[in-house]
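Counting from 1, position 183 in the sequence shown corresponds to residue 480 in the working numbering; the numbering is continuous, with no gaps.
Some notes on the structure that comes next.
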Amino acid sequence: MARGADEPPAGSGGSRAQHDPARARALARELGIEVDAEGCLPGASFFFVKSEGRLELRDRLEPRGHGACVDFSAFARRPRRGALAKREPLARAFHGCLTILDATAGLGQDAFLLAVSGHSVTAVERSAPLAALLADGLGRALEDPALAPHLAATLRVVTGDARNVLAAAEPAPDAVYLDPMFPQKRHASALARKAMRIVRELAGEDLDSAELFAAALRRARLRVVVKRPRGAPYLAGTPDVEYGGKLVRYDAYLTANRRHLAALWGVGAAL
Ligand SMILES: C[S@@+](CC[C@H](N)C(=O)[O-])C[C@H]1O[C@@H](n2cnc3c(N)ncnc32)[C@H](O)[C@@H]1O
C-alpha cells in the first residue's frame, strides 16, 4: 500500500530519521540513483532514507517530514490478503487475462491487488526513485510468510519506459493496464495528498499517455484497460466496455476484436 511515510508501520514506534546528506548520498548510490551534494534528487528536495527496515522518500523542506514509501504488510491481515472480489470493477475489467503488464505502476497499489487476485503482473515504472520504493515494498512483502506465497511468482517490478518494455515483451501480455496521472481530487486526505505530491512531482503529468496507449493497443493480446476518475473524458476514443466503480471507471479496449475488424475491413494500420 502506498502510504505517507510518517504513518508508523503496525507495531512500531514510528521513529523518524533526520536529513543526513552523507547517508542519503550513500543510500542513493546503493540504489543506483543520481542525487545532488545534499543527497536530494536533482531539481527536487526529496531524499531517500532507510527507516525501520523500509525505504522512504522524504521532503527536506517539509518540516514534519512526511514522505512516501510502499508497504504491503497491512494486506496480510485482510481477508484473502486483499484479493479482489469477482464483482469488483477492477477484477471484472481483467476477467480472463492471466498475464498483465501494468504500464504505469507508480507505487504499485493496483499491481499488488491484481497479483494477489491471481494474475501474473509485470509492473513497469519509469521514474527510477518510484520504482525503487516499489521494489523495496515488494522485497519486504516477499519476506512476509503471509504474502510471499501469493506474490513470489506473480509480481515483478521493471524500471523503465513501458513503451520499450512493451515492444520487447515476449510473449506479449494478455492485457495492458494504464493509470496515467490525473488532476488530484481536492478531498483526498492530507496524508494521501503529501505522498501523492511526491509521486506527482517525480512522475510529472504523463503528457505522453496517448503514445503509451497506442503502444499498448499494438501489443496487448486481448485488451487494454485504462483507469479514469468517474466522469472523466476517455483517454483515447470510446472503449468497448466500461466497468464503473464509485470513484473510478475502467475503460476496456478489446484488441483482439479490433484487430479482427481491421483485418476484415482491410485497414490494419491502427493496431
Ligand atoms: C497515477 S500513477 C499510477 C498509480 C498506480 N496505478 C498505483 O496503483 O499506485 C502513474 C505512474 O505511471 C508512470 N508512467 C507514466 N507513463 C509511463 C511509461 N511510459 N512507462 C512507465 N511508467 C510510466 C508515472 O511515472 C507514474 O508513476
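Note that the Cβ used here is the ideal one computed from N, Cα and C, for glycine as well.
These numbers were taken from a predicted model, which means no experiment stands behind them.
Residue i - partner residues in DSSP beta bridges
{"i": "E539", "result": "D548"}
{"i": "V421", "result": "V455"}
{"i": "P526", "result": "V545"}
{"i": "I397", "result": "V418 and A472"}
{"i": "V413", "result": "DSSP lists no partner for V413."}
{"i": "R516", "result": "BP columns for R516 are empty, so no partner."}
{"i": "V521", "result": "V473 and Y550"}
Check: residue i C-beta below 7 Å from any heavy atom of ligand 1
{"i": "A500", "result": "yes"}
{"i": "G340", "result": "no"}
{"i": "P477", "result": "yes"}
{"i": "E385", "result": "no"}
{"i": "V454", "result": "no"}
{"i": "D368", "result": "no"}
{"i": "D503", "result": "yes"}
{"i": "T401", "result": "yes"}
{"i": "L427", "result": "yes"}
{"i": "G405", "result": "yes"}
{"i": "R518", "result": "no"}
{"i": "L422", "result": "Checking the sequence, you will find Glu at residue 422 rather than Leu. Yes."}
{"i": "V332", "result": "no"}
{"i": "D548", "result": "no"}
{"i": "V413", "result": "no"}
Status (buried if at least 16 other CB within 10 Å, exposed otherwise) for residue i
{"i": "V522", "result": "buried"}
{"i": "V462", "result": "buried"}
{"i": "S312", "result": "Because the pLDDT of S312 is 43, which lies under 50, any placement of that residue in the model is unreliable, and the number read from its coordinates should be weighed accordingly. Result: exposed."}
{"i": "D548", "result": "buried"}
{"i": "A382", "result": "exposed"}
{"i": "E327", "result": "exposed"}
{"i": "V538", "result": "exposed"}
{"i": "P442", "result": "exposed"}
Practice task
Entirely within the stretch 439 to 485 and at least 4 residues each: give me those alpha helix (DSSP H) ranges in chain order.
Solution key: 445 to 448 and 459 to 465
Problem - beta strand (DSSP E) runs contained entirely in the stretch 357 to 389, provided each spans 3 or more residues - result: Listed in chain order, they are 364 to 367.
Practice task
Tell me the start and end of each unbroken beta strand (DSSP E) in the stretch 315 to 355 that is at least 3 residues and wholly inside, in chain order.
Solution key: 343 to 348
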